[in-house]
Amino acid sequence: MGIWHSYAKINWYLRILDRRPDGYHNLETVFQEVELADRLVIEPIEEPRCIIEGMPFDLPLEKNLIYRAWARLREAFPEKVGGIRVEVDKRIPDGGGLGGGSSNAATTLCAVNDIFSLGLSSQTLEHIGAELGSDVPFFVRGGCAVGRGRGEILEAVERVQPFEIGLVFPSVRTSTAEAYRRLAELSHRPTPSHPLDGVLEALRVGDETFLSSAAFNDFDAVYGNEDWYRDGVALLKELGFERCILSGSGSTLIGIKNPHLSLKKTLEPRIFERPIQERKDAKWLILRTRVTFRTTSERK
Numbered sequence: 001m002g003i004w005h006s007y008a009k010i011n012w013y014l015r016i017l018d019r020r021p022d023g024y025h026n027l028e029t030v031f032q033e034v035e036l037a038d039r040l041v042i043e044p045i046e047e048p049r050c051i052i053e054g055m056p057f058d059l060p061l062e063k064n065l066i067y068r069a070w071a072r073l074r075e076a077f078p079e080k081v082g083g084i085r086v087e088v089d090k091r092i093p094d095g096g097g098l099g100g101g102s103s104n105a106a107t108t109l110c111a112v113n114d115i116f117s118l119g120l121s122s123q124t125l126e127h128i129g130a131e132l133g134s135d136v137p138f139f140v141r142g143g144c145a146v147g148r149g150r151g152e153i154l155e156a157v158e159r160v161q162p163f164e165i166g167l168v169f170p171s172v173r174t175s176t177a178e179a180y181r182r183l184a185e186l187s188h189r190p191t192p193s194h195p196l197d198g199v200l201e202a203l204r205v206g207d208e209t210f211l212s213s214a215a216f217n218d219f220d221a222v223y224g225n226e227d228w229y230r231d232g233v234a235l236l237k238e239l240g241f242e243r244c245i246l247s248g249s250g251s252t253l254i255g256i257k258n259p260h261l262s263l264k265k266t267l268e269p270r271i272f273e274r275p276i277q278e279r280k281d282a283k284w285l286i287l288r289t290r291v292t293f294r295t296t297s298e299r300k
């Protein structure tokens, strides 16, 4: 039995480009792993199946990315990959743009590779992960990376400085397909105030002031007038965060702090550390977390 940590991500930068013939969109993004994580307890079992326990929401087994990751490796290595039981301690909000499902898939790929001694390289696991979801390869890799293509073409970003951020997740869950549809319907789309390279330089030198200015997400233009968005931004600013943008296609908002101001103490009682399912009726989930740089072998 092993305990595996399945980390969330944010996007410091997300620009949606052209629609591809396969229905996906090309994009430019900067992925960043953060300390917020689900915990997966994974153990081998004698039966040749994948048993998943503890999911806080209903999801058919064949659509669960944990199951799909296990099934993909069992299909490729039927003589080596046996059954597993996965107990999920879910802490990453579902539908929040933090990549919880994709992270679970990547963690399962890494765990199955380890448990059954498949000997697959991280590069091979990333390639398999791309079949499961566009950002699964990033979660196999971890750390910080530029993502291109549909997000699966990665370039590692080295020497990123530590940052503390705030995350606000409203009770609203956004649909990725709906977000892309609404983005396509916009008559005007704002452009980034700084190029992607500016974001990378701010991350490398630890310049929170410039990062606050350069961070960008196309989907802010989609949801900027929604009540939940405006309320979330107001809440983060009340707590001392300078700039707020969405993560992914929402609905989680990222707060980037002003390095010259201290975060207000009112944030402290609102930090939640217990599993998501214990707060089903909460209007807001508010977290204070840090960026992280774990490798595949450090997930256990």
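The UniProt record's numbering puts the sequence shown at residues 1 to 300.
Just so you know, even glycine gets a beta-carbon here, dropped at the ideal spot from N, CA and C.
1. For a test of the three-state rule: what should DSSP assign to Glu87, helix, strand or coil?
2. Find out if the Cβ-Cβ distance for the pair Arg91, Ala37 is shorter than 9 angstroms.
3. So Arg150 packs on Asn26, CB below 8 angstroms; how close in whole Å?
4. For Lys80, I'd like the list of residues in its chain whose CB is within less than 8 angstroms of its CB, leaving aside the five on either flank, ordered along the chain.
5. Please confirm whether Gly250 and Tyr229 have their CB atoms less than 9 angstroms apart.
6. By how many angstroms is the C-alpha of Asp58 removed from the C-alpha of residue 304?
7. Would you report the Cα separation of His194 and Trp4, rounded to the nearest angstrom?
8. As an exercise, report each continuous beta strand (DSSP E) stretch of at least 3 residues that is fully enclosed by the UniProt domain "GHMP kinase N-terminal" (64-143), in chain order.
9. Using a Cβ-Cβ cutoff of less than 8 angstroms, which residues in the same chain neighbour Glu28 once the five nearest sequence positions on both sides are dropped?
10. How far does the beta strand (DSSP E) with Phe241 in it reach, from first residue to last?
11. Taking Thr108 as the reference, which of Ser212, Ala69 and Lys237 has the closest Cα?
12. Measuring only the C-alpha atoms, how far is Gly232 from Ile245?
Put simply:
1. strand
2. yes
3. Contact between Arg150 and Asn26 holds, with the beta-carbon distance rounding to 7 angstroms and staying under 8 angstroms.
4. Phe116, Ser117 and Leu118
5. yes
6. With the chain covering 1 to 300 only, the question about residue 304 has no answer from this structure.
7. 37 angstroms
8. 83-89
9. Tyr13, Leu14, Arg15, Leu17, Val146, Gly147, Arg148 and Leu196
10. Phe241 to Leu246
11. Ala69
12. 10 angstroms
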